[in-house]
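Quick note on numbering: numbering that gives the first Met the number 0 labels position 18 of the sequence shown as 17, and the sequence is numbered without any gaps. Virtual Cβ for every residue (Gly too), placed ideally from N, Cα, C. Here the structure comes first, spelled out in structure tokens, and everything after it is commentary.
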Amino acid sequence: MINFFHTYIPEPIAFQIGSLSIHWYGVILVVAILAGYWIVNRLSRSSGLNQEAISSIYVNTLIIG
């Protein structure tokens, strides 16, 4: 079992759609963006802030970012 971890090299490509390769770092980046949006949305809802303004700021930050 220990030798498995020494010789295992993970595949960098998560999956392919035709000639389009989706890498693991892209999948993790999308999951992080969605988790961040979910957290910001919940915190703004509990604080009573304007949901539309928060969503607009989040989208603009992603575009400019």
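7 Å Cβ shell around residue i - same chain, five flanking residues per side excluded
i	result
Ser43	Gln50 and Ile53
From the options, residue whose alpha carbon lies closest to that of residue i
i	options	result
Ile12	Arg41, Ile27 and Asn2	Ile27
Met10	Gly17, Trp37 and Ile21	Before going further, note that residue 10 is Glu rather than Met in the sequence given. Looking at the Cα atoms, Ile21 is the closest of the given residues.
Asn59	Gly47, Tyr24 and Ile32	Ile32
Tyr36	Ile16, Leu61 and Tyr7	Leu61
Neighbourhood of residue i by C-beta distance below 6 Å, restricted to the same chain and skipping five residues each side
i	result
Phe14	Ile21
Residue i in three-state terms, based on DSSP
i	result
Ser20	strand
Ile8	coil
Whole-Å CB distance - residue i paired with residue j, under 8 Å assumed
i	j	result
Tyr57	Val39	6 Å
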